[in-house]
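Going by my numbering, the sequence shown opens with residue 10, and the numbers climb by one from there. C-beta atoms are modelled at their ideal positions from N, C-alpha and C, and glycine is treated no differently.
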Amino acid sequence: MFSVKPIKPTFKCYLPPVQTDVKKTIEPPIKKLEPKLLPGEIIVNEVNFVRKCISAESSQDDLWGKLICTNFKVSFIPQDAPPKQKSKLSHCLLGEHDIPLTRLEHVVTVNDSKGKKKVLGSNQKLKFNPTELILYCKDFRIIRFCFDEAGPESAKKVCLAVAHYCHPADLQLLFGFEYQGRRYHESKGEQVNGSAPRGGLQTPIFDRPSDLDREIKRTGASEWRVCAINEGYAISPSLPEYIVVPVSLADQDLKQYSLSFTDGRLPLWCWNHPNGSALVRMATISDPLQQQKKSDQRICNAITKSHPQRSEVARSDLNRCLPNIQDIQMSFVKVRQICVIDPFEESEERWLSAIENSRWLEYVRAFLKHSAELVYHLDGKNTSVILQEEGDRDLSCVVSSLVQLMLDPHYRSLIGFQSLVQKEWVMAGHRFLDRCNHLKRNDKEESPLFILFLDCVWQIMNQYPAAFEFTETYLAVLSDSMWLPLFSTFLFNSPKQRAQHLMDFAKNKAIPQGVDQAVYFPPVWDWSQQYSTKEQTLFNNPMYVGKGAACVQNGEVKTFRRTKKTYSSTLRGAPVSLRNGLRAGEETLTRRGSLVSELKPDFSPVKDESPSERFFRDWFSRPADQQGLLLPLLLPSHLALWKLFFLRWVPESCIPKGGISTAYHKLSQLVDEIDILQSQLRRYKGPSPGCTPLPSPSGGPLSDQRRMYFKATSLHDSPTPPDFLTSSFPFTPVGNLCRRSAIGTPISKFLNGAKIWLSTETLANDMV
């Protein structure tokens, strides 16, 4: 007889084990707990009788159910699900207790009786039976499961499965490739003439010349043209196939000049000011020989020629004047540790000083300040600006985007903002795969530059809320989408890598050649795949004052078209005590030497005032035009910690009665009521003679036309009380590690208005 050596189990052959070692006192669940699976999603392992911890002080509110690991997510299915809240942002692809595997930062197993703790990685062994599984997420959540009544072997296997599948060995193993392949073939019937439109997308992808042509015409960049010398990525593997270059440069010369720059990255046109000055970004010269310096000079001359006044070009070396990606990552790790600390420190000084010592707000301030200085060159000095960075794929993405956001109101609309991210981040070759560390290969390459950018955007939004069409909820949702590997936007390092992987993907999934990549592997901008139409209205800012905002006069729909002076004074003139977001009496002491005392609103003219100081003083002395140039206030008291992002999962930080969320609720109802009244005016009163009213957007009943999440009740409806809101709305913090009561602790003081100072020196000079 021959002895057969037992085959070691692999993760692919895991099957749900039979629960033989469960205590007899526990009855099997009557309700069958089945997860909601997406196309292509399979269950890898599961374990019953798991307790999800809700409170650290007692187990009274804990949930019992089944813990499941699939090839996409970790899913917990409660045995007795709590009643669903009416006001909560629900996801089409994820349940309330689901966490995508790519969103996991650390997988930690604990054995309380033996006092053992281990951070699990891929293909690692676990020598003890875990009694707890703690998941540390990239969105600042900490989720804890206990295996008190679960089978020890089953618990061990599910922990190993989670650790293994959240460390994919190859990009093609990310679940998005399987999901989108299945989804494409299942939706073939919805396609027209064998091809589908770009998912109804209005956001330009900038992967074709027509998108760039429209941007050139929109900004009036008549001295620039679309160039196709990088077709097939022949010149640079990290640039898009189509770039915008000065009309005075021939293609043959550009091919020769590209040899002088790192990775062949020629200067990349970003935006044109109405005065003719251009914003351009480029990599550094790879080897500063004399010949290569000539190439650089010729390109600068061509940029100068593109300006109507032939003004000189200003250069900005971002590597010298801004923090590097390692410093930004280190700062982010520190602030994440502070915001999930258990428990919060009792001393306010220690918690606030920890926020200061993380340097996160200092870095946010540095990027806003430098971007404002470049705005002065473009708008005040009427000179073109070149952003120069060694690889032109990290810091330049942040700065170029912020400069355009401050200068161009188009990018403050929802579609405009998405086109800005697509143009300056995705197509410009930001290394999303490495910076997000989706494959967890190299922690040294990880850096939250996109999160830093969103934080900078939020700081400006916080100061000028009526200037943006979108809300901070939208920004938080966009940050979450970075860790959802189902869309092409945040998965790749460059347009070339995207094209190659999606070409291989199309072959493997038998997708015919010629089908648009945005159809079978769409970008994240197709929000209908994640949220319903109703929930997408949470992205709308009720206070937004856009150029196309409609008003009704005598039943006739007219569009706001005011001069800059009238528009600004009307908008900002309500409270006389307010000026650019500051109340009267909040003047601060002048501190010379750095961007006019960090862009504060009131200055006293001095004899040795520089042109830049005069530019900023003049701007801050006028009411802000929400549809014109916007400059951020940069004193430490003007910058705040982005609570919805950093503290939204901390139960103690949820402000009862909603705080700003309740304000959003009331504003939405008012906007909805105004929309209803305008519609009734158009419907019953009719248009003025010789004027045609605007058609309804949907042509359907009145209820379908509402564009706010919270709807106003009509006179015929019975009034219903509003849903209970917390400051984390519309996110639900249930199921994270709960801490003790925060009343009277530093976090409560901070949420009630305590300021975060960047230094004691600033504290002395910034008293209110």
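Is it the case that the Cβ atoms of residue i and residue j are separated by a distance below 8 Å?
| i | j | result |
| --- | --- | --- |
| residue 401 | residue 234 | no |
| residue 673 | residue 543 | no |
| residue 496 | residue 533 | yes |
| residue 168 | residue 142 | yes |
| residue 364 | residue 349 | no |
| residue 393 | residue 327 | no |
| residue 107 | residue 82 | yes |
| residue 48 | residue 84 | no |
| residue 734 | residue 666 | yes |
| residue 145 | residue 187 | no |
| residue 156 | residue 59 | yes |
| residue 172 | residue 116 | yes |
| residue 332 | residue 469 | no |
| residue 416 | residue 384 | yes |
Nearest to residue i by alpha carbon, out of the options?
| i | options | result |
| --- | --- | --- |
| residue 489 | 308, 76, 56 and 102 | 102 |
| residue 398 | 271, 483, 501 and 366 | 271 |
| residue 514 | 71, 160 and 182 | 182 |
| residue 341 | 670, 258 and 464 | 464 |
| residue 9 | 692, 684, 690 and 41 | The requested residue 9 is not part of the displayed model; the chain covers only 10 to 777. |
| residue 547 | 486, 346 and 332 | 486 |
| residue 313 | 281, 521 and 649 | 281 |
| residue 440 | 150, 457 and 395 | 457 |
| residue 424 | 69, 536 and 68 | 536 |
| residue 453 | 650, 97, 135 and 336 | 336 |
| residue 250 | 261, 215, 229 and 258 | 215 |
| residue 664 | 227, 738 and 641 | 738 |
| residue 390 | 650, 321, 330 and 527 | 321 |
| residue 650 | 451, 347, 640 and 511 | 347 |
| residue 279 | 42, 396, 518 and 660 | 396 |
| residue 492 | 285, 442, 220 and 191 | 442 |
Excluding the 5 residues flanking residue i on each side, which residues of the same chain have their C-beta closer than 7 Å to its C-beta?
| i | result |
| --- | --- |
| residue 120 | 137, 138, 139 and 140 |
| residue 585 | Bear in mind that the predicted position of residue 585 carries a pLDDT of just 30, short of 50, making it unreliable; the figure below should be weighed with that in mind. Answer for residue 585: no residue qualifies. |
| residue 267 | 244, 245, 273 and 275 |
| residue 264 | 238 and 244 |
| residue 123 | 137 |
| residue 283 | 229 |
Under DSSP, the beta strand (DSSP E) around residue i begins and ends at which residues?
| i | result |
| --- | --- |
| residue 109 | 107 to 109 |
| residue 59 | 52 to 61 |
| residue 386 | First-last for residue 386: undefined, no H or E at that position. |
| residue 398 | 394 to 398 |
| residue 325 | 323 to 326 |
| residue 236 | 233 to 236 |
Grab me the residues of residue i's own chain with a C-beta within less than 8 Å of its C-beta, minus the 5 sequence neighbours each way, in chain order.
| i | result |
| --- | --- |
| residue 277 | 248, 252, 253, 289, 290, 291, 401 and 437 |
| residue 46 | 52 and 79 |
| residue 552 | 474, 475 and 676 |
Give me whichever residues DSSP pairs with residue i in a beta bridge.
| i | result |
| --- | --- |
| residue 3 | The structure shown does not extend to residue 3, since the chain is modelled only from 10 through 777, so no value can be given for it. |
| residue 285 | None, per the DSSP bridge assignment. |
| residue 116 | 129 and 144 |
| residue 406 | Answer is none; residue 406 lacks a bridge partner. |
| residue 152 | 144 |
| residue 75 | 86 |
| residue 291 | 397 |
| residue 278 | 289 |
If you drop the 5 nearest sequence neighbours on each side, which residues of the same chain put their C-beta closer than 6 Å to that of residue i?
| i | result |
| --- | --- |
| residue 236 | 252 and 254 |
| residue 447 | 111 |
| residue 583 | Because residue 583 sits at a pLDDT of 30, beneath the cut-off of 50, its placement in the model cannot be relied upon, and the point is left open. |
| residue 434 | 406 |
| residue 421 | 476 and 477 |
| residue 161 | 138 |
| residue 380 | 408, 411 and 412 |
| residue 682 | 721 |
| residue 256 | 232 and 234 |
Does the distance between the C-beta of residue i and the nearest non-hydrogen atom of the ligand PLP fall short of 7 Å?
| i | result |
| --- | --- |
| residue 382 | Here there are no bound small molecules, and the ligand PLP is not part of this structure. |
Along the chain, where does the alpha helix (DSSP H) containing residue i start, and where does it finish?
| i | result |
| --- | --- |
| residue 224 | 218 to 228 |
| residue 528 | 526 to 529 |
| residue 253 | Element bounds for residue 253: not the alpha helix (DSSP H) but the beta strand (DSSP E), 252 to 255. |
| residue 663 | Unbroken run through residue 663: none, as it is neither H nor E. |
| residue 162 | 161 to 174 |
| residue 542 | 542 to 545 |
| residue 679 | 669 to 689 |
| residue 481 | 481 to 490 |
Does any residue of chain D have a CB that is nearer than 8 Å to the CB of residue i?
| i | result |
| --- | --- |
| residue 68 | Included in the structure is just one protein chain, with no chain D present. |
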